[in-house]
């Protein structure tokens, strides 16, 4: 499977929106910072980015 138009996670962290380029060896390379990612690495990064935490809700009520 290939992904089209994936932003570089490294450049995205620095507010640069650079699309990764797919190589013949199925790696994704950033033309700006030269970071290289495999498909599996991109999927792991995407999965991690989907986690959200709501720390404002109190999970346990203290006993009086």
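In my numbering, the protein residues as written are 26 to 89. Note that beta-carbon positions come from the ideal geometry of N, C-alpha and C, so glycine has one too. Please read these numbers as outputs of a predicted model, since none were measured by experiment.
- According to DSSP, residues forming a beta bridge with residue 44: Partner(s): 32.
- Task: Starting from residue 71, follow its DSSP beta bridges and name the residues at the other end.
- Result: Paired residues: none, contrary to the question.
- Item | Nearest candidate by alpha-carbon position, reference residue 40, set 51, 49, 57 | For residue 40, the nearest C-alpha among the options comes from 57.
- Query: Relative to the C-alpha of residue 37, which residue among 47, 49, 55, 64 is closest?
  - Reply: Answer by Cα proximity: 55.
- Name, in chain order, the residues that DSSP records as bridge partners for residue 61. 54
- Give me the Cα-Cα distance between residue 76 and residue 33, rounded to the nearest whole angstrom. Taking the straight line from one Cα to the other gives about 19 Å.
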